[in-house]
Every structure is written in C-alpha cells, then in structure tokens.
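In the order they appear, the protein sequences are chains A and B. Each number in our numbering corresponds to the 1-based position in the first sequence with 17 added. Each number in our numbering corresponds to the 1-based position in the second sequence with 14 added. By construction, the Cβ of each residue, glycine as well, lies at the ideal position given by its N, Cα and C atoms.
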Amino acid sequence: MSNVVLKCENLGIVFGGLAAVNDFDIEVHEREIAGLIGPNGAGKTTVFNLLTKVYEPTSGEIFLNGESTAKKTTVQLSKAGIARTFQNIRLFNKLTVAENVMTAMNQSMKYSLLEAVLRLPRYWKEEKAAREKALELLSIFDMQGMADVRAGSLPYGAQRRLEIVRALATEPSLLLLDEPAAGMNPAETAELMENIGRIRDKFGIAILLIEHDMSLVMGICDQITVLNFGQVIARGTPAEIQSNPVVIEAYLGKHKEG
Amino acid sequence: MNRLKAMNRTTRTNYLTYILVIAAYVILEVMLKGGGLKAATKGMLVPICAYIVMALSLNLTVGVMGELSLGHAGFMSVGAFTGTAATMCLVDAVPNTAVRLCIGIIVGAIAAAIVGFLIGIPVLRLRGDYLAIVTLAFGEIIKSLVGNVYMGVDQGHLKFSMFTNELNMSPEGKIIIEGAMGIRSIPKIATFTAGFVLIMISLIVIFHMVGSRSGRAIMAVRDNYIAAESIGIPAFRYKITAFTISAAMAGAAGALFGNNYSSLIASKFNIDTSILILVFVVLGGQGNMLGSIIAAAALTILPEALRSFADYRMLMYAVILIAVMLVSNNQKIKDILKNAAEKRTGKKLAEGGASDE
C-alpha cells in the first residue's frame, strides 16, 4: 500500500449550533484520486475549508503525510503540501497568467527584497528559472501562449485551468480541486479529466476533488465519499456508490410508495 | 529596436517613465542655469519634487497594495521634522550641504519607516474603509504629537520635552523644535537636483519591487486575499513591508520639503495635505507611477499658474480638477484615444514594413 497523504479523524465544525460537518473521516493515498460528492449544501466545500484552515475545526484531527496539522495556519499548510482551487474562481486578476503561477512559487524562491531592488544576480537567476517553470506548468494545459495575458481577461474555462496550474506551482503532495469542471461543456470536461489523470501520474500526488459532474467523478476517481447534511453517508468505489440506495435517496429523494 | 519590442509592456512603461523624468530634469536644469525661469517657478521646483515622491509613495500603498491611506501627510511630517532637525544639528559637524541634506533625508526616511511600521501593526489588520478611517486618525495623532515636541541642542546633548517647554537650556544652547511654532530659521539646503535624485530612487525602488516576488505577493494579496494565503503568501508580512517602504519614502519627501523652507510647522501636514496627495494618485491612476508624477507636478503648479484669476483662483482650480476627472474617466473619450493610438501604431507598422531600409 502506498503512503497515506491525507487522513482525517472525526473532523467536525459547528456554526452557531449547526453542525456543518460532523464526524468526517477520509484517507487519501499517494497517486490516488478521491472524489467528494453530495447534494448542494452537504458541506463539501466546508471540508476543504477545514483542511486548509480557512475554518478552524471544532473537533477531530487532520494528518498530512502523517503529521498533525492542528497548529498550522493556511499559509503554513501550503508549505506543508496542501494546494487548492476554488469553487468561485479566485485568481489574481490584475496579474498576468505567468505572474499568477510565479506568485505560487514564492516560498521556494530565496532572493530578498534588497536583492530585487538592486537587481543582483540571484534575482535574475531565480526569476528566469521561475518563469521557465511557470511556462512548463502552463504547458500541461497548453496555456503557455497566454502567459502574458492578464488573468482576469481569460475565458472562463482557462481561468479554471489556471487555478489548477497555480495550485501545482506550490509543489503540493495533496491537491484539492473544488468543482474543477463547473461551467465546462462535455468536451472540455473530458479533456480536463484526462489532464487530472496526467497530473496525478506526472507529479505522483494525491488528489481530492469535489464535483457534480458524475461522468467525471465516476470516470477518474479511485474512491468516492458521499456527504449529506455534513455526514458521510457512503464510501466506496465508483461502482459501489452508483448502486448504493442511500446515495440515490440523498440525490433523488425517497420513492413514495402508493 | 528588436530588444525594445521583446520587452514586455511593464518594462517599456518603466523605461519611458525614467526617460521622461530625466528629460524633464535636464530641461529644467538648463533653464535654471540659463536664467529662463521666473523666481516663483524656481521656488516651486523642490516642493514639486517632494509632492511627486509623496504621490509615488502613496501610490505604492493605494495602487500596488490596494489599501486607502488617509494619513500619509503624517509620515511626511515625521520625515520633515526629524530630517530638518538632523540637518540643523549637523550644521557645524557636516559643512558640506549636499552631504548634510543626504543625511537629513536618510534620517527622515528611517524615522518615518519606524513610525510606519509601528502604525502598520494595528492598522494593517483592518481592510478597506476601516483601514482608511484609522489611518486618518493616526495622521491627525501624528500631527498633534509633532506639534507638541520641544527639542534643543545644549553643549553637545540633545534635549527633549513634550507638551511644555521644559528644556532648561543653558544660554549657549540652541532650541531647534519649539512645539506649535515648529522649526524656525532653517538654512534652506534642499536642491532641485536632490529632489530629482530622490524621485529616481523612489521610482527604481517601486518598479524593482513590483517586478519581484515581493511585489507579486503584495499584488496577489490585493487581488485575492484568500487565494494568496492558500498558496502560502503571508499576507500581513508583505503588507507591512510595503507600508513601511511607503512610509519611508514619504519621510524622505518630508525631509526634502522641510529643508526647503525657512520655517516648518506641524499643522501644515494635516488632512488637507493627505487628501491632496490622494488626489494626485487618483487623478494619475492607481498603480500608474508616471500618472502620479504628472498629476503631482501639474496640480502643484496649477494654483500658481492661476494667480491671474486673483480671488477666483481656487474656484478655477476646483473647476479644472473636476473637468479633468470627468474627461479622464469618460469611456467615450478613452475609446476615441485608444482608437487613435491603434490607428497610429497600425500605420507605423505598415510603413515600417514597406520602408525597411
């Protein structure tokens, strides 16, 4: 069995008496794609916000590569290896595409502000390397031609792809994708699916994704966790989930007899 | 020419800004030497430089960092008083005025940077309107505090007191800062060349910072705070860096400004001055450094240029300001200018292709 990248135990958060997420458990391994699905308002994005410490969990523990993240902040978690995309796209709109990606490499760059102001050799060296790496990452989605376009003026699909590239630039061991296919047409979704698989193979990382597009979820996920009203109601392989009566009920409602 | 084409737009704009500033300096310097400037205009050169640096400094906070600061005159005040007091203390120790001015500017910048850093710690935890209001309050607090400082040199020692003059100076001692009366009989050692150098240094610092990982991080926090933290940008640290540098520049500008007049009072650096500098930044365009320079220079000269209107001078100033704001924000006019520019470059390209000798 490969390494466990992410492990959650009894994770929960209460918002003013309402348990938005309760007793959430999951294990994601290296080179594994895990899906997190559930009806609207089930608490999927809240799980992501707990994992990245946008919200502080009220109960439970998270382990990243075996280490507890209890004392870590959002910024430190990025360094520890979690990267994410957002359901409502959050790019740095006034920066160019390449700059968006290079910003995510900030942690691995060493030159100081003084070296930048004086334009010392280390500045040039690291900037050049960062730009080259940014272009290489952008080439995953064939976006190197857009490197100098402002991120805010990109078409919608490209913005979603740029978010993934930006997340990859932080060199994560766990990638969280929040509805990567939202707003994409079937052809784009199929292409995205292929690319997510390629990313997993190329970088050898664990991926946890939230998605409503069932063709994508069922097509690429190794395991699926179903959430409803903040509770895990089912877990298993895509085939198991598809035939699980509890899941069908959560999505379609209970069949009324007579 | 090919190298120029290979540069990206930002780099080209930066070089254009440097070139225009240097050209303006050379022309004005030649006119100064040749006696082609009126005395009134001559006297305005240093204040214009100081206001340009103020505008650049505030543009770093407003345009690059994306936070509205309404207390920028406070940092200018700190720089002006410390910088001028420093040059006055060093009159005998450093006879060379250029060196003394340089020390004064550095002292002003450091003092303002320290104040900016300390104020930044609580203020930068806020955002948007709240931050603007608190900076306004701090600007006023600085003004009140500076207006109550007494300082003197007595037998090689510095003496301070606050609120009342309890310096107990010996007869040969020299009072430098005298509370609300400020500093008097300043030897005016600020020069236009010093102003020019200060503008160039400010431009280089800002452009090089914006083009570095720190600048990208600061702008990332401005564009999207949550996303910036999610990719490991410590937002607060980068904001306080930018704010401190911005305050240091304002302090340097203040030191230049203070050393240009024979007297200096704290109430000069009030909310009106902060707003005036904000007007330079907004009129010139947020994040647009060349725009800030032009707006600062034009709006400093304008009241002088309107002297012939006598009593209606400030009315005309306001009318012109409103007209410029309306025109520069009019989408139709922007489109027309853009089209014209495109036509011209289009033509040039066509010509360039045909007559490639």
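Minimum Cβ-Cβ distance from residue i to chain B less than 7 Å
i, result
"VAL64 of chain A", "no"
"ASN123 of chain A", "yes"
"MET126 of chain A", "yes"
"PHE109 of chain A", "yes"
"LYS88 of chain A", "no"
"LEU130 of chain A", "yes"
"ALA133 of chain A", "yes"
"THR91 of chain A", "yes"
"GLU116 of chain A", "yes"
"SER170 of chain A", "no"
"SER282 of chain A", "Chain A is shown from 18 up to 275; residue 282 of chain A falls before or after that span and cannot be answered."
"SER190 of chain A", "no"
"LEU112 of chain A", "yes"
"ARG177 of chain A", "no"
"LYS150 of chain A", "no"
Assigned secondary structure, residue i (DSSP; H/G/I helix, E/B strand, else coil)
i, result
"GLY29 of chain A", "strand"
"PHE174 of chain B", "strand"
"SER277 of chain B", "coil"
"ASN123 of chain A", "helix"
"GLN240 of chain A", "strand"
"MET183 of chain B", "coil"
"ARG252 of chain A", "strand"
"GLU192 of chain B", "strand"
"LYS24 of chain A", "strand"
"ASN105 of chain A", "coil"
"ASP237 of chain B", "helix"
"ILE222 of chain A", "coil"
"ALA36 of chain A", "strand"
"LEU185 of chain A", "helix"
"ASN202 of chain A", "coil"
"ASN245 of chain A", "strand"
"MET15 of chain B", "Reliability fails at MET15 of chain B, whose pLDDT of 47 lies under 50, so the model's placement of it is uncertain and the value that follows must be treated cautiously. Of the three classes helix, strand and coil, the one that applies to MET15 of chain B here is coil, per DSSP."
"LEU192 of chain A", "strand"
"VAL264 of chain A", "helix"
"ASP230 of chain A", "coil"
"ILE215 of chain B", "helix"
"PHE152 of chain B", "helix"
7 Å Cβ cutoff, residue i in contact with chain A
i, result
"ILE247 of chain B", "yes"
"ALA393 of chain B", "Residue 393 of chain B is absent from the model: chain B starts at 15 and stops at 371."
"ARG227 of chain B", "yes"
"GLY367 of chain B", "Any answer about GLY367 of chain B is weak, because its pLDDT of 40 lies below 50 and its placement is not dependable; what the coordinates show is given next. It does not: the Cβ of GLY367 of chain B has no partner Cβ on chain A nearer than 7 Å."
"ASN238 of chain B", "yes"
"PRO317 of chain B", "no"
"ALA231 of chain B", "yes"
"SER244 of chain B", "yes"
"VAL219 of chain B", "yes"
"ALA262 of chain B", "no"
"ALA337 of chain B", "no"
"HIS171 of chain B", "no"
Residue of the options minimising C-alpha distance to residue i
i, options, result
"ASP218 of chain A", "A:ILE237, A:LYS24 and A:THR102", "A:ILE237"
"TYR268 of chain A", "A:ALA256, A:PHE246, A:GLY253 and A:THR254", "A:PHE246"
"LEU209 of chain A", "A:PHE220, A:GLY221 and A:GLU196", "A:GLU196"
"MET126 of chain A", "A:LEU135, A:LYS111, A:VAL134 and A:ARG139", "A:ARG139"
"MET68 of chain B", "B:GLU43, B:ILE289, B:LYS253 and B:ILE350", "B:ILE289"
"THR24 of chain B", "B:PRO248, B:LEU313 and B:SER226", "B:SER226"
"VAL71 of chain A", "A:ALA59, A:VAL182, A:ALA100 and A:VAL45", "A:ALA100"
"THR242 of chain A", "A:HIS229, A:ALA36 and A:ALA51", "A:ALA51"
"ILE315 of chain B", "B:ARG141, B:THR31, B:LYS282 and B:ALA64", "B:ALA64"
"ASN179 of chain B", "B:TYR164, B:GLY77, B:ASN238 and B:GLU186", "B:TYR164"
"ILE106 of chain A", "A:VAL31, A:ALA186, A:GLU180 and A:THR254", "A:GLU180"
"ALA208 of chain B", "B:ILE307, B:ARG321 and B:PHE271", "B:PHE271"
"ILE43 of chain A", "A:LEU67, A:VAL166 and A:PHE32", "A:LEU67"
"THR31 of chain B", "B:THR55, B:GLY48, B:ILE213 and B:ALA324", "B:ILE213"
"ALA234 of chain B", "B:MET223, B:HIS222 and B:ILE247", "B:ILE247"
"ALA125 of chain B", "B:ILE308, B:GLY88 and B:GLY93", "B:GLY93"
Anticipated Cβ contact below 8 Å, residue i with residue j, distance rounded
i, j, result
"ASN273 of chain B", "ALA204 of chain B", "4 Å"
"ASN82 of chain A", "GLY98 of chain A", "7 Å"
"ALA99 of chain B", "ILE220 of chain B", "In fact, because the Cβ distance is near 27 Å, the residues do not count as touching under 8 Å."
"ALA310 of chain B", "ILE66 of chain B", "4 Å"
"ASP40 of chain A", "GLN240 of chain A", "18 Å between Cβ atoms; not a contact."
Heavy atom of the ligand COA within 6 Å of residue i beta-carbon
i, result
"VAL76 of chain B", "Although the ligand COA was asked about, the structure shown includes no ligands whatsoever."
Runs of 3 residues minimum, wholly inside the segment 30-80 of chain B: which ones carry the beta strand (DSSP E) assignment? none
**Prompt:** Of all the alpha helix (DSSP H) runs that stay within the bounds of the segment 45-102 of chain A, which reach a length of 4 or more residues?
**Reply:** 61-68 and 91-97
message: My parser needs the alpha helix (DSSP H) runs of 4 or more residues fully inside the segment 76-132 of chain B; what are they?
response: 86-103
Query raised in the report: Where are the alpha helix (DSSP H) runs, 4 residues long or more, that stay fully inside the segment 108-176 of chain A, in chain order?
Result: 114-120, 130-134 and 138-155
query: Unbroken alpha helix (DSSP H) runs of length 4 or more, entirely within the segment 304-363 of chain B: which are they?
result: 327-342
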